[in-house]
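Student: Before anything else, here's the structure in question.
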Amino acid sequence: METRYANHPDDSKKYDTEELRKHYLQEKIFEKDQISLTYSHVDRIIFGGAMPVEEKLSLEAAEELRADYFLERREMGAINVGGSGVIILDGKKYQLDKYEGIYVGMGTKEIQFVSLDKNNPAKFYINSVPAHTSYPTVKIDRNKAVIADLGTQENMNKRTIYKFIHPEVCESCQLSMGVTMLKEGSGWNSMPCHTHERRMEVYFYFDLPEDQRVFHLMGQAQETRHIVMANEQAVISPSWSIHAGIGTSNYTFIWGMCGENKTFDDMDNLATKDLK
Numbered sequence: 002m003e004t005r006y007a008n009h010p011d012d013s014k015k016y017d018t019e020e021l022r023k024h025y026l027q028e029k030i031f032e033k034d035q036i037s038l039t040y041s042h043v044d045r046i047i048f049g050g051a052m053p054v055e056e057k058l059s060l061e062a063a064e065e066l067r068a069d070y071f072l073e074r075r076e077m078g079a080i081n082v083g084g085s086g087v088i089i090l091d092g093k094k095y096q097l098d099k100y101e102g103i104y105v106g107m108g109t110k111e112i113q114f115v116s117l118d119k120n121n122p123a124k125f126y127i128n129s130v131p132a133h134t135s136y137p138t139v140k141i142d143r144n145k146a147v148i149a150d151l152g153t154q155e156n157m158n159k160r161t162i163y164k165f166i167h168p169e170v171c172e173s174c175q176l177s178m179g180v181t182m183l184k185e186g187s188g189w190n191s192m193p194c195h196t197h198e199r200r201m202e203v204y205f206y207f208d209l210p211e212d213q214r215v216f217h218l219m220g221q222a223q224e225t226r227h228i229v230m231a232n233e234q235a236v237i238s239p240s241w242s243i244h245a246g247i248g249t250s251n252y253t254f255i256w257g258m259c260g261e262n263k264t265f266d267d268m269d270n271l272a273t274k275d276l277k
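Each residue of the sequence shown is one higher than the last, beginning at 2 in our numbering.
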């Protein structure tokens, strides 16, 4: 497990390209027959991926957690972005096809991942955050999600949001998680942009052609920066930072949030004309 430390927004103003990428970007989410995780000290979120190909993978408690098992004091969400797979929770099997997800409550001891076809392996994208109580495990597909269509073709931001781990779908302590799909011909996400001081967020971009890129915008409104991102990469967004992006092609991304509340619309909106 890799560790990323929190920092002050004034520090980020001084970062060059490599320093921004070092502190906020995670370039490798999926590796064959591995569970690759990053522990961020921003609200203590853990994010990453499990990609079983030849082997069944078990999620163990890393040394950083000092716990008997991974979800001893945590809850977790997982969304499959690859071929069909199965997540096994204390012996109970849940099949997840592409774009299907699951909420896993605190106290689940045994977590395993397996692909149904090694030639088209599952890719389980994971978010985990501290929890204070245990809520039931819930499998979530796109039909069960809260769906919202936003944006316009004129503004190049026509998109559909699927809220998977959300108060209208299932209970969680503080984790929120969902999928946003941009329509063909659209490239902007989360624009006009916002911050939410009460929550941090991690974006994971996927379904992006290998020769295309997303220019992810971050920083404070008067001190914006950008990070160029490729397919299947993730970026940390502290509560003080905007988080928006423009792609050279349409794409899909998973957003995961944690912090003070779970109110999706609790945003501090910013006018595009005020950005610098």
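C-beta atoms are modelled at their ideal positions from N, C-alpha and C, and glycine is treated no differently.
Thinking just about the alpha-carbon of each residue, which of E172, P168 and I162 is nearest to the one in K184?
Tutor: Translated into positions along the sequence shown, residue 184 becomes position 183. When each option's Cα is compared against that of K184, the closest is I162.
Student: Hey, quick one: how far does the beta strand (DSSP E) through R200 stretch, first residue to last?
Tutor: Here residue 200 corresponds to residue number 199 of the sequence shown, with the count starting at 1. Element bounds for R200: R200 to F207.
Student: Using DSSP with H/G/I as helix, E/B as strand and the rest coil, what is Y25?
Tutor: By one-based count along the sequence shown, residue 25 stands at place 24. Helix at Y25.
Student: What did DSSP end up calling K57 once you bin it into helix, strand or coil?
Tutor: The sequence position of residue 57 within the sequence shown is 56, counting from 1. Correct three-state label for K57: coil.
Student: Is E261 helix, strand or coil when you go by DSSP?
Tutor: If you number the sequence shown from 1, residue 261 lands on position 260. Three-state result, E261: coil.
Student: Report yes or no: is there a C-beta of chain D within less than 8 Å of the C-beta of Q96?
Tutor: Going by chain labels, chain D is absent from the structure shown, which holds only one protein chain.
Student: Ignore the nearest five residues each way along the sequence and tell me which others in C259's own chain have a CB closer than 6 Å to its CB.
Tutor: For the purposes of this step, residue 259 is taken as the residue at position 258 of the sequence shown. D44, I46, V130, Q175 and L176.
Student: Compare the C-alpha of R199 against each of K124, I103 and F265 and name the closest.
Tutor: Locating residue 199 in the sequence shown gives position 198, where the first residue counts as 1. Closest by alpha carbon: F265.
Student: Roughly how many whole angstroms lie between the Cα atoms of T4 and A62?
Tutor: The sequence position of residue 4 within the sequence shown is 3, counting from 1. The sequence position of residue 62 within the sequence shown is 61, counting from 1. About 14 Å.
Student: Does the region 14–25 come close enough to the region 217–226 that 3 or more CB-CB pairs lie under 8 Å?
Tutor: Touching, per the Cβ criterion.
Student: List the endpoints of the continuous beta strand (DSSP E) containing D150.
Tutor: For the purposes of this step, residue 150 is taken as residue 149 along the sequence shown, with counting starting at 1. Here the beta strand (DSSP E) through D150 covers V147 to L151.
Student: From I237, G186, H167 and M192, pick the residue whose C-alpha is nearest to that of V180; which is it?
Tutor: On the sequence shown, residue 180 is found 179 positions in, with the first residue counted as 1. Considering only alpha carbons, the answer is H167.
Student: Just the C-alpha distance for G92 and E111, rounded to the nearest angstrom, thanks.
Tutor: In the sequence shown, residue 92 corresponds to position 91, counting from 1. In the sequence shown, residue 111 corresponds to position 110, counting from 1. If you take the alpha carbons of G92 and E111, they lie about 7 Å apart.
Student: For the 8 Å Cβ check, are there 3 or more pairs between the region 187–206 and the region 248–257?
Tutor: Yes, since at least three Cβ pairs between the region 187–206 and the region 248–257 fall closer than 8 Å, the two stretches touch.
Student: Note the first and the last residue of the continuous beta strand (DSSP E) segment covering S116.
Tutor: Stepping through the sequence shown from its first residue, residue 116 is reached at position 115. Run containing S116: I112 to S116, per the beta strand (DSSP E) assignment.
Student: Quick check on DSSP: helix, strand or coil for P131?
Tutor: The residue you call residue 131 lines up with position 130 of the sequence shown. Strand at P131.
Student: Quick one: residues in its chain with C-beta nearer than 7 Å to the C-beta of K145, no 5 flanking neighbours on either side, listed in chain order?
Tutor: For the purposes of this step, residue 145 is taken as residue 144 along the sequence shown, with counting starting at 1. Hits under 7 Å: V170.
Student: If we count the other Cβ atoms within 10 Å of its Cβ and call it buried at 16 or more, is N156 buried or exposed?
Tutor: By one-based count along the sequence shown, residue 156 stands at place 155. That one is exposed.
Student: Among K274, E32 and E64, which has the Cα closest to the Cα of A123?
Tutor: Here residue 123 refers to the residue found at position 122 when the sequence shown is read from its first residue. Comparing Cα-Cα distances from A123 to each of K274, E32 and E64, the minimum goes to E32.
Student: Unbroken alpha helix (DSSP H) runs of length 4 or more, entirely within the region 154–236: which are they?
Tutor: Correct list: empty.
Student: With distances taken Cα to Cα, identify the nearest neighbour of F114 among I228, G78, V139 and E56.
Tutor: Taking the first residue of the sequence shown as 1, we reach residue 114 at position 113. Of I228, G78, V139 and E56, the residue nearest in Cα terms is E56.
Student: Here's the rule: buried if 16 or more other CB atoms are within 10 angstroms of the residue's CB, otherwise exposed. What is R75?
Tutor: Here residue 75 corresponds to residue number 74 of the sequence shown, with the count starting at 1. The residue in question, R75, is buried, as its Cβ has 16 or more Cβ neighbours within 10 Å.
Student: Determine the extent of the alpha helix (DSSP H) in which S13 is found, giving its start and end residues.
Tutor: For this step, residue 13 is matched to residue 12 along the sequence shown. Here the alpha helix (DSSP H) through S13 covers P10 to S13.
Student: For I36, which of Y206, N128, Y25 and D118 has the nearest alpha-carbon?
Tutor: The sequence position of residue 36 within the sequence shown is 35, counting from 1. Looking at the Cα atoms, N128 is the closest of the given residues.
Student: Could you spell out where the beta strand (DSSP E) holding E3 opens and where it closes?
Tutor: Here the question's residue 3 lines up with position 2 in the sequence shown. Per DSSP, E3 belongs to the beta strand (DSSP E) from E3 to R5.
Student: Within the continuous beta strand (DSSP E) that includes I30, where are the two ends?
Tutor: One-based indexing of the sequence shown puts residue 30 at position 29. Unbroken run through I30: none, as it is neither H nor E.
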